[in-house]
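Its first residue numbered 16, the sequence shown is counted upward by one per residue in the numbering used here.
Backbone N, C-alpha and C fix where the C-beta goes; we use that ideal spot for every residue, glycine too.
As the structure is a computational prediction, the values presented were derived from the model and not from experiment.
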Amino acid sequence: MDDAQGLCGASGVDDVQRARGASAVDDAHDAHDAHEAHEAHGASAVDDPRVVAERARLVVRSAPLSQRAFALRIGMDPTALSKALNGSRRLADRELAAIARVGKVSLRYLRTGQGRPPAAPESPAAPDATRRRADALDAEVRRAQILEETARLIARRGFHRVRVADIARACGTSTGTIHYHFPTKGDALRAALHHYADRLHQRLEAEFRGADGPIEKLRRLIEIQLITGDEDRDEWSVWVQSWNEAILDPALREGQRDIYARWRQTVLDLVHACRREGSAAPDADAEALTSRFTGLADGLAIQVLAGNGEMTLPRMRELLLDAFEPHISLRPRSRSSPPARPTPVR
């Protein structure tokens, strides 16, 4: 079980930009797609959904853009499109109509096989190149799908309760495919931890872009640490489980240590930035403040996950806001309040 990465690299960004550029045109076709789907539905006998999925796959592979860009162009999640093309998810009428429009085929062809198939590329070498590219993208999306489901199942059922058959069932694939990507359960846990760590840092980067200085970034970082929904709970669950397994299995310690170091460095950089701009006491020990905050965040999250009634989300927020006091104040101070006198962190 290989760590599945790379789905959102530079090419993915380009695909998103191209898809956004075409979004206005796509919106203009929405009503047409719905009308065409309604007209075609029931007009002629529809083949088995698996056969329809095969035709849709051929249309996507014949298109002069990646499968991810195709999915974004028709308004579908790339993983959902991958599931549909693999036959584990049925395409809705509206989705079929959108595939027909972007793939330049008739909806009748997709539903019944009657009509002109997708046009082959002009270059003689292009069909093979297009198929190789589509196959590679299919494998990439498949790895991402398996990783997503593996991480979710480990988060919600527990590392030792998830079976390979459970992951295969959730992905609509075989156990052999799962073993290909994750030969051991340790590989699965490492991949899940990397998955959620990458997601956390992507969220932080997005939040930091709109923040005005390191103080505001620390406030936003705290908000992201709070467990307010299923995704937050899943992320923290895998993180806590990785701590437990690293205690028992030395082979898992290096990966867990690397991910923790990346997270800790994010906090440490913000503390140093506060000192540089003068919003932190000059004698504040940045390393000690960072260790205090990260240790507190982990401990409070465990209490929330375990259902400790004494630890609520508002209480967790308040304690984390105070973690850097008195050296860095994340709370707006009243004009009449004198600044706190800093004391060294030991």
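Whose C-beta lies closer than 7 Å to the C-beta of residue i among residues of the same chain, with five residues either side of it excluded?
{"i": "residue 301", "result": "283, 286, 287, 290"}
{"i": "residue 230", "result": "289, 294, 345"}
{"i": "residue 237", "result": "332, 335, 336"}
{"i": "residue 266", "result": "201"}
For residue i, does the count of other Cβ atoms within 10 angstroms reach 16, so buried, or fall short, so exposed?
{"i": "residue 268", "result": "exposed"}
{"i": "residue 262", "result": "exposed"}
{"i": "residue 210", "result": "buried"}
{"i": "residue 82", "result": "buried"}
{"i": "residue 110", "result": "buried"}
{"i": "residue 42", "result": "Reliability fails at residue 42, whose pLDDT of 44 lies under 50, so the model's placement of it is uncertain and the value that follows must be treated cautiously. Label assigned to residue 42: exposed."}
{"i": "residue 347", "result": "exposed"}
{"i": "residue 270", "result": "buried"}
{"i": "residue 151", "result": "With a pLDDT of 47 at residue 151, under the threshold of 50, the modelled position of this residue cannot be trusted, and the question is left open."}
{"i": "residue 325", "result": "exposed"}
{"i": "residue 76", "result": "buried"}
{"i": "residue 93", "result": "buried"}
{"i": "residue 65", "result": "exposed"}
{"i": "residue 176", "result": "exposed"}
Between which two residues does the alpha helix (DSSP H) harbouring residue i extend?
{"i": "residue 182", "result": "179 to 186"}
{"i": "residue 94", "result": "93 to 100"}
{"i": "residue 85", "result": "82 to 88"}
{"i": "residue 134", "result": "Taken as a continuous stretch (DSSP letters only), residue 134 belongs to no alpha helix (DSSP H), as it is neither H nor E."}
{"i": "residue 252", "result": "245 to 263"}
Is residue i near the ligand GTP, with its Cβ less than 6 Å from a heavy atom?
{"i": "residue 78", "result": "In the structure shown, the ligand GTP is absent, as is every other ligand, since no ligand is present at all."}
Could you compute how far the alpha carbon of residue i sits from the alpha carbon of residue j?
{"i": "residue 241", "j": "residue 208", "result": "18 Å"}
{"i": "residue 296", "j": "residue 249", "result": "36 Å"}
{"i": "residue 71", "j": "residue 245", "result": "33 Å"}
{"i": "residue 154", "j": "residue 329", "result": "43 Å"}
{"i": "residue 314", "j": "residue 337", "result": "15 Å"}
{"i": "residue 312", "j": "residue 335", "result": "7 Å"}
{"i": "residue 202", "j": "residue 124", "result": "43 Å"}
{"i": "residue 216", "j": "residue 105", "result": "33 Å"}
{"i": "residue 322", "j": "residue 131", "result": "59 Å"}
{"i": "residue 213", "j": "residue 274", "result": "9 Å"}
{"i": "residue 225", "j": "residue 232", "result": "9 Å"}
{"i": "residue 255", "j": "residue 161", "result": "21 Å"}
{"i": "residue 305", "j": "residue 258", "result": "19 Å"}
{"i": "residue 279", "j": "residue 200", "result": "26 Å"}
{"i": "residue 298", "j": "residue 227", "result": "24 Å"}
{"i": "residue 171", "j": "residue 180", "result": "16 Å"}
{"i": "residue 127", "j": "residue 108", "result": "13 Å"}
Ignore the nearest five residues each way along the sequence and tell me which others in residue i's own chain have a CB closer than 8 Å to its CB.
{"i": "residue 183", "result": "189, 190, 192, 193"}
{"i": "residue 74", "result": "114, 115, 118, 120, 125, 133"}
{"i": "residue 164", "result": "182, 185, 186"}
Taking 6 Å as the limit between beta carbons, can you name the residues of its chain near residue i, skipping five residues before and five after?
{"i": "residue 102", "result": "65, 68"}
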